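**Q** Input: one structure, supplied below.
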Amino acid sequence: MGKGHGYGKVILFNEHFVVYGIPAIASAIDKKTIAEVKKCSSNEEFILHDEREETPGYKKEKMEHQRESIIRIKRAMGIDQCIEIWLGGDLRAASGVGASAASCAAIARAIADEFGMSCSDAEINEFAYEGEKAYHGNPSGIDNTCATFGGLVWYEKGKDMERMSVKHPVEIVMGDTGIVANTKKAVEGVRERKEKMPELYEKIFDDAKKLVYEARDAIMDEDWELVGKLMNKNHELLQKIEVSSDELDYLVNIAMKAGAYGAKMTGGGLGGYMVALTPGKELQEKVARAIEETGHYALRTKIGI
Ligand code: PMV
């Protein structure tokens, strides 16, 4: 039996903008998907036991993408034989937390382990990227990079990621709208609007570019108040390109009222998760409870692990 893991992630700055080559900052979180893989002798491509916890409806909604994704990973790795796959771990399957990328990296690692292939992390990342294409169409690669390597990363499409490090991991809360979102649709929507309103979008994209460099300095200085303010600004830019939603804005407001340093949607948007920066266990608990009181799931985790 082969075994592998992939980390969940949170995008702290510039989801969507990253698709167009603007830098983004993301971090792996301390929640993982674990895959186990065993060779089997059926005529099927694979037999899957998906035992991950989920936002209700997520797995059903993603079933077709998941099937295509597993076949893509097998092809990329040169595997023809049927495999039996078990998916588990403590990363809840949901939109916006990198669940698809975490499962792709975990499956690729478990296949490599089962078939005795010695793959570097860079190779696993390539296979996970192939798998991600089934979910996203033309992914920037930020999700699979975090899922495979872990850590806090500065990411520019088509370039090697740069690691960023902080002395102390910092608490965040991720609030789940409970809405299973379609990243592909969100990305296509941005492309359509960008073509229709090139001047407006150029201005917004310029602002996103400036902001992410400020954010990098603020993170390096561990100036969390400033990081929080910049996250709020980033949320405004994401609202302007119409990838936020009423539910995301609502949870962002709840987190800010409860004392978060900053909050924004994270990932593809139109549902899925938001993230609040909440340094210290006490503030984290306060914000997580405020989200839970609205009936939503709150994930307590850290960035910079
Ligand atoms: O929805 P998620 O968590 O898979 O994040 C998607 C991030 C985007 O920037 C919207 C798309 C991409 O490929 O980078």
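In our numbering, the protein residues as written are 103 to 407. Where a beta carbon is used, it is the ideal one built from N, C-alpha and C, also for glycine. Here the structure is a predicted model, which is why all the values come from computation and not from measurement.
By the DSSP assignment, the beta strand (DSSP E) with G129 in it spans what residues?
**A** The count along the sequence shown starts at 1 and reaches residue 129 at position 27. Per the sequence shown, residue 129 should be read as Ser rather than Gly. S129 -> beta strand (DSSP E) spans A126 to K141.
**Q** Under the assumption that E234 contacts C206 (Cβ atoms under 8 Å), give the Cβ distance between them as a whole number of angstroms.
**A** Along the sequence shown, one-based indexing puts residue 234 at 132. Along the sequence shown, one-based indexing puts residue 206 at 104. Right, the Cβ-Cβ distance comes to about 6 Å (below 8 Å), so this counts as a contact.
**Q** Whose C-beta lies closer than 6 Å to the C-beta of G239 among residues of the same chain, with five residues either side of it excluded?
**A** Locating residue 239 in the sequence shown gives position 137, counting from the first residue. Closer than 6 Å at Cβ, skipping near neighbours: K286.
**Q** Helix, strand or coil for D400, going by three-state DSSP, please let me know.
**A** Within the sequence shown, residue 400 is the residue found at index 298, counting from 1. According to the sequence provided, residue 400 is Ala. The question's Asp does not apply to it. If DSSP states are grouped into helix, strand and coil, A400 belongs with the strands.
**Q** Using 7 Å as the cut-off, classify the Cβ of T285 as near or not near the heavy atoms of ligand 1, replying yes or no.
**A** The count along the sequence shown starts at 1 and reaches residue 285 at position 183. Yes, since a heavy atom of ligand 1 falls inside the 7 Å radius drawn around the Cβ of T285.
**Q** Where do the ends of the beta strand (DSSP E) carrying E264 lie?
**A** Within the sequence shown, numbered from 1, the residue matching residue 264 stands at position 162. Looking at the DSSP string, the run of the beta strand (DSSP E) that includes E264 is E264 to M266.
**Q** Exposed or buried, what is M299 when buried is set at 16 or more other beta-carbons lying within 10 Å of its beta-carbon?
**A** The residue labelled residue 299 in the question sits at position 197 within the sequence shown. M299 is exposed by the Cβ-count criterion.
**Q** Roughly how many angstroms lie between the CA atoms of G198 and I127, to the nearest whole one?
**A** On the sequence shown, position 96 is the one that residue 198 refers to. On the sequence shown, position 25 is the one that residue 127 refers to. The alpha-carbon atoms of G198 and I127 are separated by roughly 14 Å.
**Q** What are the boundary residues of the alpha helix (DSSP H) that E166 is part of?
**A** Sequence index remark: in the sequence shown, residue 166 carries index 64 (1-based). From DSSP, the alpha helix (DSSP H) with E166 extends over Y160 to M179.
**Q** By the 10 Å Cβ neighbour count, where 16 or more other Cβ atoms means buried, how is R194 classified, buried or exposed?
**A** As a working note, residue 194 is residue 92 in the sequence shown. Answer is buried; the Cβ neighbour count reaches 16.
**Q** Report the three-state DSSP secondary structure of M322 (helix, strand or coil).
**A** Mapped onto the sequence shown, residue 322 falls at position 220. Correct three-state label for M322: helix.
**Q** Put D351 into one of helix, strand or coil per three-state DSSP.
**A** Locating residue 351 in the sequence shown gives position 249, counting from the first residue. Note: D351 maps to helix in three-state DSSP.
**Q** Over what stretch of residues does the beta strand (DSSP E) that includes D152 continue unbroken?
**A** Position 50 of the sequence shown, counted from the start, is the residue given in the question as residue 152. F148 to D152 is the span of the beta strand (DSSP E), which, as asked, contains D152.
**Q** How far does the beta strand (DSSP E) with E273 in it extend, from its first residue to its last?
**A** On the sequence shown, position 171 is the one that residue 273 refers to. Taken as a continuous stretch (DSSP letters only), the beta strand (DSSP E) holding E273 covers V272 to D278.
**Q** Taking the Cβ atom as the reference point for each residue, do L189 and R154 lie within a distance shorter than 8 Å?
**A** Here residue 189 is taken as the residue at index 87 of the sequence shown, counted from 1. Here residue 154 is taken as the residue at index 52 of the sequence shown, counted from 1. Cβ atoms of L189 and R154: closer than 8 Å.
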